[in-house]
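Protein chains in written order, with this note's numbering: chain A, 181 to 398; chain B, 153 to 450. Ideal Cβ positions, reconstructed from N, Cα and C, are used throughout, including at glycine.
Here is the structure:
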């Protein structure tokens with residue numbers, strides 16, 4: 181059985197939970213005391229991941245760290261459709277580019293959230309500024325995609341790039357970053373939230389929850 | 153002409169602490185986290201606070217000036233897994249929770265989470281059953297079972313505490329240890345305006361109640377560190393499983409709380425009529441108003 185070392189409030193762990201749910205893949209979770217115990221920095225966990233970060237995925241003898249790497253693995257191994265991590269060269273290049281963005285620039289939004297929710301001693305003003313800069317880049321990109329009739333980050337259909345970028349954008353309010361100025365991002369978030377198998381996580385606002393499926397599809 | 157100062161700021165500057173806010177007991181840290189050589193520098197009701205544990209284990213809490221000068225020593229009480237203090241002179245000692253003496257219970261300290269709203273908003277939301285199906289969907293409530301059956305909210309004259317009783321609610325996963333949906337009995341105790349404890353049917357022991365408590369520490373009028381504990385009969389769940397279950401619930405509330413306006417709790421009955429049949433909110437606000445609470449209210 182796939183085993184996910186998990187923390188419920190981690191957006192990076194949620195990337196993996198979300199994708200496993202979309203794939204309909206069974207797995208078990210091992211809750212790791214990220215807060216307040218900081219178990220992910222203790223020797224026992226460092227044996228699993230010397231970087232001291234969540235998530236970690238174990239599948240048989242394979243142990244993987246880094247949410248983006250885990251998404252690549254899960255799509256390659258368990259996605260029968262081959263659409264989530266397409267093997268056509270240009271498409272794969274685009275997916276990889278936005279996976280890096282998810283693990284890089286967008287993590288400033290994650291850090292702002294750690295500051296606001298769990299009191300991490302970060303310079304939150306500078307983090308929010310960087311996150312907004314990343315949001316502008318994503319918003320512009322999504323607007324251009326829409327002009328091509330492409331609804332998703334890396335092409336005409338959803339890929340693991342959408343899964344990787346989704347959580348910390350959708351959770352930005354937790355870190356004091358409103359999204360009023362990013363209309364293309366809002367439309368894209370809504371599309372992700374209506375994917376079959378979608379699950380949410382605590383802190384995510386879904387204003388249209390309770391609407392009928394027809395209304396949600398608008 | 154004098155410079156115009158924003159209204160929020162003048163309110164803050166001119167506001168002396170009202171006795172009802174000042175004379176409560178507040179948690180400033182969990183006992184396990186206040187360790188020797190690991191002081192807690194924090195704020196309480198807008199004042200800088202320093203909590204320290206000596207090598208012999210004694211806790212000292214001091215109020216500081218904004219530039220770090222030590223002003224005065226404050227009362228320090230260690231109880232229920234927490235370090236408590238007050239800026240005033242409470243008439244009563246820290247409230248009693250006899251459940252902490254009961255055998256077989258497990259205490260889970262859930263960690264501090266920061267919420268940008270007033271302590272009154274946090275307690276009022278904690279007392280509100282009607283948000284369960286919409287905010288804690290498929291955990292503490294589910295559609296279409298959204299009806300709140302009649303319950304009682306009443307000030308107990310002898311103890312001076314607010315009690316909300318006779319609550320029942322259908323919950324898909326009432327506690328971390330719950331194996332399925334159940335009709336759950338609830339009651340709430342508010343021993344002082346900014347502390348609240350709920351009692352709910354325990355999945356781990358028949359006819360017994362599990363406790364979940366929240367102790368908001370107002371750093372400023374509309375910023376709180378919220379300390380949260382569970383005291384449960386549960387031989388099944390891992391400590392970490394229980395902790396993360398509760399933190400998940402908490403973050404669902406946090407995003408709702410931070411979007412409520414105004415952030416201060418309105419006490420004027422005409423200012424914001426709760427749209428739902430909200431007996432506990434009405435009683436809670438009336439109680440705060442009668443006590444003369446001014447900190448964190450509008």
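If you drop the 5 nearest sequence neighbours on each side, which residues of the same chain put their C-beta closer than 6 Å to that of residue i?
i                      : result
residue 205 of chain A : 258
residue 304 of chain B : 317 and 318
residue 337 of chain B : 320 and 353
residue 268 of chain B : 375 and 410
residue 371 of chain A : 331
residue 337 of chain A : 263
Please confirm if residue i has its CB atom under 9 Å from at least one CB of chain A.
i                      : result
residue 277 of chain B : no
residue 155 of chain B : Below a pLDDT of 50, predicted positions are generally treated as unreliable, and residue 155 of chain B, at 43, falls in that range; no measurement from the model is reported.
residue 411 of chain B : yes
residue 195 of chain B : no
residue 372 of chain B : no
residue 403 of chain B : yes
residue 391 of chain B : yes
residue 264 of chain B : yes
residue 213 of chain B : no
Does any CB atom of chain B fall closer than 9 Å to the CB of residue i?
i                      : result
residue 338 of chain A : no
residue 183 of chain A : no
residue 372 of chain A : no
residue 217 of chain A : yes
residue 229 of chain A : no
residue 304 of chain A : no
residue 211 of chain A : yes
residue 259 of chain A : no
residue 296 of chain A : yes
residue 189 of chain A : yes
residue 299 of chain A : yes
For the candidate residues the options, whose alpha-carbon lies nearest to that of residue i?
i                      : options                       : result
residue 216 of chain B : B/232, B/253 and B/202        : B/202
residue 353 of chain A : B/447, B/310, B/403 and B/195 : B/403
residue 312 of chain B : B/342, B/329, B/430 and B/337 : B/342
residue 281 of chain B : B/390, B/191, B/352 and B/357 : B/352
residue 284 of chain A : A/190, A/345, A/371 and A/225 : A/345
residue 233 of chain B : B/184, B/422, B/288 and B/208 : B/184
residue 279 of chain B : B/259, B/376 and B/347        : B/347
residue 328 of chain B : B/363, B/345 and B/359        : B/363
residue 314 of chain A : A/289, A/336, A/327 and A/360 : A/289
residue 294 of chain A : A/194, A/374, A/215 and A/198 : A/215
residue 224 of chain B : B/339, B/247, B/287 and B/213 : B/213
residue 445 of chain B : B/272, B/298, B/399 and B/218 : B/272
residue 362 of chain A : A/306, A/318, A/270 and A/251 : A/318
residue 403 of chain A : A/322, A/190 and A/250        : A question about residue 403 of chain A goes unanswered here, because the residues of chain A that appear run from 181 up to 398.
residue 393 of chain B : B/412, B/421, B/177 and B/260 : B/260
Might you give, ordered along the chain, the residues of its own chain that have their beta carbon closer than 8 Å to the beta carbon of residue i, omitting 5 neighbours on each side?
i                      : result
residue 210 of chain A : 183, 184, 185 and 186
residue 376 of chain A : 202
residue 391 of chain A : Confidence at residue 391 of chain A is low in this model, with a pLDDT of 48, below 50, so the placement of that residue should be treated as unreliable; the coordinate-derived value is given next. Cβ neighbours of residue 391 of chain A beyond the five flanking positions: none.
residue 253 of chain A : 237, 239, 242 and 244
residue 232 of chain A : 220, 221, 225 and 226
Would you identify the three-state DSSP class for residue i, choosing helix, strand or coil?
i                      : result
residue 256 of chain A : helix
residue 242 of chain A : strand
residue 300 of chain A : coil
residue 272 of chain A : helix
residue 320 of chain B : strand
residue 191 of chain B : coil
residue 237 of chain B : strand
residue 297 of chain B : coil
residue 172 of chain B : helix
residue 335 of chain B : strand
residue 358 of chain A : coil
residue 449 of chain B : strand
residue 291 of chain B : coil
residue 306 of chain B : strand
Residues of chain D with CB closer than 7 Å to the CB of residue i, please, in chain order.
i                      : result
residue 407 of chain B : No chain D is part of this structure, whose protein chains are labelled A and B.
For the beta strand (DSSP E) that contains residue i, what are its first and last residues?
i                      : result
residue 364 of chain B : 361-372
residue 348 of chain B : 347-353
residue 201 of chain B : 199-205
residue 183 of chain A : 182-186
residue 261 of chain B : 258-267
Locate the alpha helix (DSSP H) running through residue i, then write down its first and last residues.
i                      : result
residue 372 of chain A : 363-373
residue 343 of chain A : 340-350
residue 385 of chain A : Segment: none, residue 385 of chain A is in no alpha helix (DSSP H) and carries neither H nor E.
residue 404 of chain B : 391-409
In chain order, what residues of the same chain lie with their CB nearer than 7 Å to the CB of residue i, ignoring the 5 residues before and after it?
i                      : result
residue 169 of chain B : 197, 239 and 447
residue 291 of chain B : 324, 325 and 401
residue 205 of chain B : 186, 187, 188 and 211
residue 212 of chain A : 185, 186, 187, 219, 220, 225 and 234
residue 256 of chain A : 265
residue 384 of chain A : 350 and 351
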